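Single-structure report; data block below.
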Amino acid sequence: MVHEWALAEAIVLYIENQGVKRGRRLVVKTGALQSIDREVLEFALRMLIKEHGLELGEIEIVEEEPLLKCRNCGYEWRLDPSSMSQDVRESIHFLPESIYAYYRCPRCGSIDFEIVKGRGISEIRVEDHD
Amino acid sequence: MVHEWALAEAIVLYIENQGVKRGRRLVVKTGALQSIDREVLEFALRMLIKEHGLELGEIEIVEEEPLLKCRNCGYEWRLDPSSMSQDVRESIHFLPESIYAYYRCPRCGSIDFEIVKGRGISEIRVEDHD
Amino acid sequence: MIEDPRTLKAIKNLESPRSVYLVVSSKGGVGKTTVSTLLALVSSIEGHSTGLLDLDFVNPSTHIILGLDPRVIKYEEEKGVKPYMVLDNLYYFTIVSYTMDNPIALRGGDASNALWEILAIVRWNNVENLYIDTPPGIGDEHLDILYRLRRIVKPIVVATPSRLALRSIDRLVDILREMGYGEILFIENMGNGLLRSYAIEKKLIYTGFIPYISEIEESIGSIEKLLKSDLLSYVKTIYKNLRGFTRG
Amino acid sequence: MIEDPRTLKAIKNLESPRSVYLVVSSKGGVGKTTVSTLLALVSSIEGHSTGLLDLDFVNPSTHIILGLDPRVIKYEEEKGVKPYMVLDNLYYFTIVSYTMDNPIALRGGDASNALWEILAIVRWNNVENLYIDTPPGIGDEHLDILYRLRRIVKPIVVATPSRLALRSIDRLVDILREMGYGEILFIENMGNGLLRSYAIEKKLIYTGFIPYISEIEESIGSIEKLLKSDLLSYVKTIYKNLRGFTRG
Ligand SMILES: Nc1ncnc2c1ncn2[C@@H]1O[C@H](COP(=O)(O)OP(=O)(O)O)[C@@H](O)[C@H]1O
Ligand SMILES: Nc1ncnc2c1ncn2[C@@H]1O[C@H](COP(=O)(O)OP(=O)(O)O)[C@@H](O)[C@H]1O
Ligand SMILES: [Mg+2]
Ligand SMILES: [Mg+2]
Ligand SMILES: [Mg+2]
Ligand SMILES: [Mg+2]
Ligand code: NI
Ligand code: NI
Ligand SMILES: [Zn+2]
Ligand SMILES: [Zn+2]
């Protein structure tokens, strides 16, 4: 699942673009739907941070649990990616919207639901930066 | 501009649907983009409230100023419907999304902006209801 | 607000017509707009009070087929908005009268908002058959209508006998079934009846076909010519079949 | 977050190809998918490393034209996702490999999210010409790309010589102009060159036409047949004109 590298690059480009060069700690919030391999992501981040000449100290990756909400009946539910079949999980890992091909509202069967949270990278924060 | 009647009916159906029968005060927040005629709306509301057998006491109509935000450059701006030409204002009165046919981001010219608030009815609240 | 108050008013407005047909197809260019406009024309000349509602906001074209200048389309207000009377029996609503046919690009959320506003304010009372034209694909507008107005609308799927169109229809039909639509009406456009067996296999209600008629191009923009065109007899058959299946 | 971090990575990914063509049309069924697939095929057999990206999420069909089963389309990972090699020079990405061609209906916000995810993770390095197929209309996906990737993509407008299609193209061209697109490439499909004067009048770059060829139906699903089809010489001319105009 080394496409984590691309996500790491997006994160580093983002930090750079914000004009941030150094900081004590980098906090990244990822969505559990993407089943991101934290070690791979952290490794990629360290490499890229170095490559881009940034100094960011610690890296913390926080995973956000997925929350889904039906637009038809209003029902809210959680979904544990580790309960998915390997194929489906991998599809959703790459493209969280693949979920619409495999899941329905557990209460009313609706295909019209939204990923309220836990989809992808939702926060990138550099603490004590200058 | 008596299409306010249709909006009033939507409001009354909504209250009814919530199971509310009586209350001390009805507060309705409307968006200034719709240039709603408050007197007409209030009149229609009173008629329909009676027709539907509800008792709602006072009616307060609060108008929310429009706020627009460019999705291209991030610029935020306000728009005063009274500054619009008669035709444009009337179109937006009936269908606020008509704004996309006549307005652009004042900073970058983008057609891709959003109506952050002040579009249409955004709140219907019955105070002290039972 | 828990629910959009406009939904309730929309349901009320759309409960008046005996039949509300939603013309859909996940593929563009199959003739949704042509078919919905012609069906509305036929319905009105058959003596039934008829409505035509154009919900393709980014690419409204029913007025082009009818040959109507956006500036002549005006709506009266009476406890809402009254559609424009095109013919004695034909009532029409399109946003071009508000946008003056200026180009607009709507994101999904805006399209959904525009949809509910229109459904809530435009009144179709006294209308017997209402035909709704929709944009291609299955986007916010379709999801909104197909879920919230499930007990009201009858979907009409339009398809052409091409591989790409059929593959796309397969997907749409799957979705409509999942949504709980048991009766799905079907029109074959630019075909010769070949899709009847396809429709039967998919348990769709086959209502007829319209052949490819290149002269249609010359009739576009003139109601008079459309009413005299070769297409009309085919549309009449479909119209009758639609009525037959939805007499309920 | 102020901006979507994926945008920056997307720009980086799309800066590799010499030309990134965005095939658009506010009208469906004019041949966007057919044209983008054939252009990619021609580009690859002409010996150029070529990419084909299908962004029509609700109705993906490039794989049907290419005759590819969703199950055979697999992507390798290497600092991102590497597109699937269809032919020696042809690299391809479509979501059907993730959705297994199950039908999905996306609201605008979801389509936009899927778009940025794909543009951020799929790498097009070593690709010279990239052709992007898009859904009909002007929705979230188009607005996203046309604004954020303005310095990168070259829009190709596809139109057929029908009144409805041209009216719709007028609108699209107005929008592209407002967005700051000076060079708009133009392809006439299912026509005979009649639209050259239309294109010139609208200051579009006319790159050629493809006639209506009913046999195309039989070639769909087979690269071999497509490469032998009568269409090909027309597509080759267009391909060369596109390259000529975008040599920059
Ligand atoms: N039966 C037919 N024979 C010939 N041309 C047709 C027929 N039906 C539609 N067309 C043409 O096909 C094109 C697409 O039709 P349209 O109604 O706009 O489709 P949609 O609304 O599904 O995009 C238009 O140019 C129209 O004139
Ligand atoms: N030049 C052509 N001659 C004949 N048929 C064509 C031609 N180009 C496209 N088609 C057919 O027209 C239909 C619409 O084409 P498609 O590429 O799917 O359009 P779009 O992607 O714009 O919706 C398909 O059935 C396709 O096979
Ligand atoms: Mg149409
Ligand atoms: Mg008026
Ligand atoms: Mg297509
Ligand atoms: Mg894999
Ligand atoms: Ni991965
Ligand atoms: Ni009014
Ligand atoms: Zn539900
Ligand atoms: Zn702006």
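Those protein sequences? They're chains A, B, C and D, same order as listed.
Going by the working numbering, the first sequence opens with residue 40, and the numbers climb by one from there.
Going by the working numbering, the second sequence opens with residue 40, and the numbers climb by one from there.
Going by the working numbering, the third sequence opens with residue 2, and the numbers climb by one from there.
Going by the working numbering, the fourth sequence opens with residue 2, and the numbers climb by one from there.
Quick reminder that beta carbons are idealized off the backbone N, C-alpha and C, glycines included.
Since the structure is predicted, the reported quantities are computational estimates derived from the model, not experimental observations.
Chain-ordered chain C contacts of residue i [CB-CB under 9 Å]
| i | result |
| --- | --- |
| Glu-4/D | None at all; the shortest Cβ gap to chain C is about 17 Å. |
| Leu-65/B | Those within 9 Å of Leu-65/B in chain C number zero; the least Cβ separation is about 13 Å. |
| Phe-82/B | None at all; the shortest Cβ gap to chain C is about 12 Å. |
Short CB-CB distance (under 8 Å) between residue i and chain C
| i | result |
| --- | --- |
| Ile-154/A | no |
| Gly-109/D | yes |
| Asp-169/B | no |
| Gly-159/B | yes |
| Ser-130/B | yes |
| Glu-166/B | no |
| Lys-28/D | yes |
For residue i, the three-state DSSP class (helix, strand or coil)
| i | result |
| --- | --- |
| Lys-108/A | strand |
| Leu-87/B | helix |
| Glu-79/C | coil |
| Leu-53/D | strand |
| Arg-61/A | strand |
| Asn-56/B | helix |
| Leu-205/D | coil |
| Thr-69/A | strand |
| Leu-243/D | helix |
| Lys-33/C | helix |
| Asn-127/C | coil |
Run of the beta strand (DSSP E) containing residue i, from where it starts to where it stops
| i | result |
| --- | --- |
| Ser-20/D | 20-25 |
| Glu-99/A | 97-103 |
| Leu-91/C | 91-94 |
| Tyr-132/D | 130-134 |
Close beta carbons around residue i, own chain, < 8 Å, minus the five adjacent residues each side
| i | result |
| --- | --- |
| Glu-55/A | His-91, Leu-93 |
| Ala-140/B | Ser-130 |
| Cys-147/A | Cys-109, Asn-111, Cys-112, Tyr-114 |
Closer than 7 Å at the beta carbon, the chain A residues around residue i
| i | result |
| --- | --- |
| Tyr-148/C | Asn-111, Ser-149, Asp-151 |
| Asn-60/D | Within 7 Å Cβ-Cβ: nothing; Asn-60/D doesn't reach chain A, min ~14 Å. |
Within chain C, the residues that residue i reaches when beta carbons sit closer than 8 Å
| i | result |
| --- | --- |
| Leu-106/B | Here the premise fails: no neighbours, minimum Cβ distance about 15 Å. |
| Glu-218/D | Ser-163, Arg-164 |
| Ala-106/D | Ile-139, Gly-140, His-143, Leu-144, Ile-176 |
Partner residues on chain A for residue i, Cβ-Cβ distance less than 9 Å
| i | result |
| --- | --- |
| Leu-120/C | Correct list: empty, because the minimum Cβ distance to chain A is about 17 Å. |
Own chain, CB closer than 7 Å to residue i, minus 5 neighbours either side, in chain order
| i | result |
| --- | --- |
| Phe-152/A | Leu-107, Lys-108, Cys-109, Arg-110, Cys-144 |
| Leu-67/C | Thr-38, Val-87, Ile-224 |
| Tyr-213/C | Met-191 |
| Lys-10/D | Ala-121 |
| Leu-134/B | none |
| Asp-5/D | Trp-117 |
| Gly-109/C | Gly-140, Asp-141 |
Within chain C, partners of residue i - CB distance below 7 Å
| i | result |
| --- | --- |
| His-42/B | Glu-78, Gly-81, Val-82, Ile-122 |
Chain-ordered neighbours of residue i on chain D, where CB pairs are closer than 8 Å
| i | result |
| --- | --- |
| Leu-23/C | The contacting residues do not exist; Leu-23/C stays about 14 Å from chain D at best. |
| Ile-65/C | Arg-164, Leu-165, Arg-168 |
Any chain D beta carbon closer than 8 Å to residue i
| i | result |
| --- | --- |
| Tyr-139/A | yes |
| Val-36/C | no |
| Arg-102/A | Here residue 102/A turns out to be Glu, not Arg, going by the sequence shown. No, Glu-102/A lies away from the interface with chain D (no Cβ there is under 8 Å from its Cβ). |
| Ile-50/A | yes |
| Tyr-114/A | no |
| Gly-192/C | no |
| Leu-134/A | yes |
is_contact[residue i, chain B] using C-beta, thresh 8 Å
| i | result |
| --- | --- |
| Tyr-99/C | yes |
| Gly-249/C | Residue confidence is low: Gly-249/C scores 49 on pLDDT, short of 50, so the model does not pin down where it sits. Its coordinate-derived value is still stated next. No, no contact with chain B. |
| Ala-200/C | no |
| Glu-179/D | yes |
Any C-beta of chain G under 8 Å from that of residue i
| i | result |
| --- | --- |
| Glu-142/D | Among the protein chains of the structure shown, namely A, B, C and D, there is no chain G. |
Close Cβ partners of residue i (< 6 Å) along its chain, the five nearest in sequence each way excluded
| i | result |
| --- | --- |
| Glu-97/B | Arg-64 |
| Gly-70/B | Glu-103, Gly-157, Arg-158, Gly-159 |
| Gly-249/C | Its pLDDT being 49, under 50, Gly-249/C is placed unreliably by the model, and the measurement read from it follows with that caveat. Closer than 6 Å at the Cβ level, and outside the excluded window around Gly-249/C, lies no residue. |
Min CB distance residue i to chain A below 8 Å
| i | result |
| --- | --- |
| Lys-75/D | no |
Cross-chain neighbours of residue i in chain D, by beta carbon under 7 Å
| i | result |
| --- | --- |
| Ser-124/A | Ordered by position in chain D, no residue passes the 7 Å Cβ test against Ser-124/A, which lies about 11 Å from the chain. |
Interface partners of residue i on chain A, CB under 8 Å
| i | result |
| --- | --- |
| Ile-133/D | Those do not exist, as Ile-133/D stays about 17 Å from chain A at its closest Cβ, beyond 8 Å. |
Continuous alpha helix (DSSP H) stretch holding residue i: start and end
| i | result |
| --- | --- |
| Leu-165/C | 164-179 |
| Glu-94/A | Looking at the DSSP string, Glu-94/A is not in any alpha helix (DSSP H), and its letter there is neither H nor E. |
| Val-133/B | One point to set straight first is that residue 133/B is Phe, not Val, in the sequence displayed. 125-133 is the span of the alpha helix (DSSP H), which, as asked, contains Phe-133/B. |
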